[in-house]
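Accompanying notes for the structure given below.
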DNA sequence: ATCACATATTCGCATCTGCAAATATATGCA
DNA sequence: TGCATATATTTGCAGATGCGAATATGTGAT
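Protein chains in written order, with this note's numbering: chain C, 287 to 396; chain X, 287 to 396.
Structure, rendered in C-alpha cells:
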C-alpha cells in the first residue's frame, strides 16, 4: 500500500478516529450537534461528572472536533464540523443493517 | 439526553467505532475497499506480521465490518459495507480542512 | 499418514486509557 | 480584595489493548 496513504491513515486515526474511540465522546458530539453547550450543560445532559466531561472535551478540542469559546464565566463548546455527525450517522446505518441481518439469521436458525 | 439514543451510541461505539480505533484496522479496511484479499496479501500490503493481521481481522469480523469466506486453503476477506469507507472518507475531508485551517493560522502568526 | 502452506490463537509484557477524587485555575461580582 | 461559580488539571489505580514470538489448527496434495 502507498506509503503516503498509510501516513494519511495514521494521521486520520490519531487526529479524528481516536476521538471517536470512546462512547462518552460520541455522545458529547451528538449532544453538541443539537446546539452549542457549556460544560455543566453537557455534564447534566450525559449524567456524567464534570471533570470527566472536561477530560473528554480536551481530547476532542486537541483533535479540532469541537471549538471552545469563552462567554463570561462559561465556556461554550460547539461542534467543529457537521460532517463528523454525518459520518457517525452513516456508521449508525451500517450498524442498523447489521443488526437486522443478524436477527434475520437468528430467525432462520429456529 | 434520550436514554434510547445513549444506548444506541454505546452500541455504535462497541460494534463499529471500536473497530476504527486502531490505524492498522483502518488501513485493512482501505486495503479491502480496493478488492477482497486473503490474509497473506493483507500482511504484505500493510507490511505487517501475519498474526497481527489475523488478530485485527478477528476484531473486524466480530463487528461485522468484514466478511470471511474460505476458498480452499485461503480465507478471502471482503469489506462488509462500502458505507464504512464513505464515513472514513468524510472524516478524511474533515481532517484535511482542519489541517489547512491550522496552516493558515500558522501563517497568520508569522 | 504426512508434509507444506494458510490462518488462528495463546502468552507474557508493556503501554495506553478511563475513572473518581481532590486540587488548581480562571472569571464575575460584591 | 474576597467569595462563589465554572472549568481544567493532577494523581493513583484498575482494566483494556496492542505487539512479537511461539504454538496450534485447518486445508490440500502426494
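C-beta: ideal position from N, C-alpha, C; glycine also.
Cβ neighbours of residue i in the same chain (closer than 7 Å, five flanking residues each side left out)
i	result
residue 370 of chain X	315 and 351
residue 305 of chain C	311, 345, 346, 349 and 351
Contact list for residue i against chain C, beta-carbon separation under 7 Å
i	result
residue 331 of chain X	287
residue 348 of chain X	Under the 7 Å cutoff, chain C gives no residues; its nearest Cβ is about 11 Å from residue 348 of chain X.
Beta carbon proximity, residue i to chain C, threshold 7 Å
i	result
residue 309 of chain X	yes
residue 306 of chain X	yes
DSSP state of residue i mapped onto helix, strand, coil
i	result
residue 352 of chain X	strand
residue 334 of chain X	coil
residue 357 of chain X	strand
residue 323 of chain C	strand
Rounded C-alpha distance that separates residue i from residue j
i	j	result
residue 288 of chain C	residue 317 of chain X	10 Å
residue 303 of chain X	residue 367 of chain C	18 Å
residue 319 of chain X	residue 294 of chain X	27 Å
residue 356 of chain C	residue 326 of chain C	14 Å
residue 301 of chain C	residue 359 of chain X	39 Å
residue 363 of chain X	residue 380 of chain C	18 Å
residue 353 of chain X	residue 347 of chain X	6 Å
residue 405 of chain X	residue 377 of chain X	One cannot answer for residue 405 of chain X here, as it falls past the ends of chain X, which runs 287 to 396.
residue 374 of chain X	residue 329 of chain C	29 Å
Per-residue contacts from residue i into chain C (C-beta, under 9 Å)
i	result
residue 372 of chain X	373 and 376
residue 291 of chain X	313 and 316
CB contact check: residue i to chain X, cutoff 7 Å
i	result
residue 328 of chain C	no
residue 296 of chain C	yes
residue 369 of chain C	yes
Partner residues on chain X for residue i, Cβ-Cβ distance less than 8 Å
i	result
residue 301 of chain C	381 and 384
Own chain partners of residue i with C-beta closer than 8 Å, once the 5 adjacent residues on each side are dropped
i	result
residue 332 of chain X	310, 313, 314, 317 and 339
residue 323 of chain X	317, 331, 362 and 363
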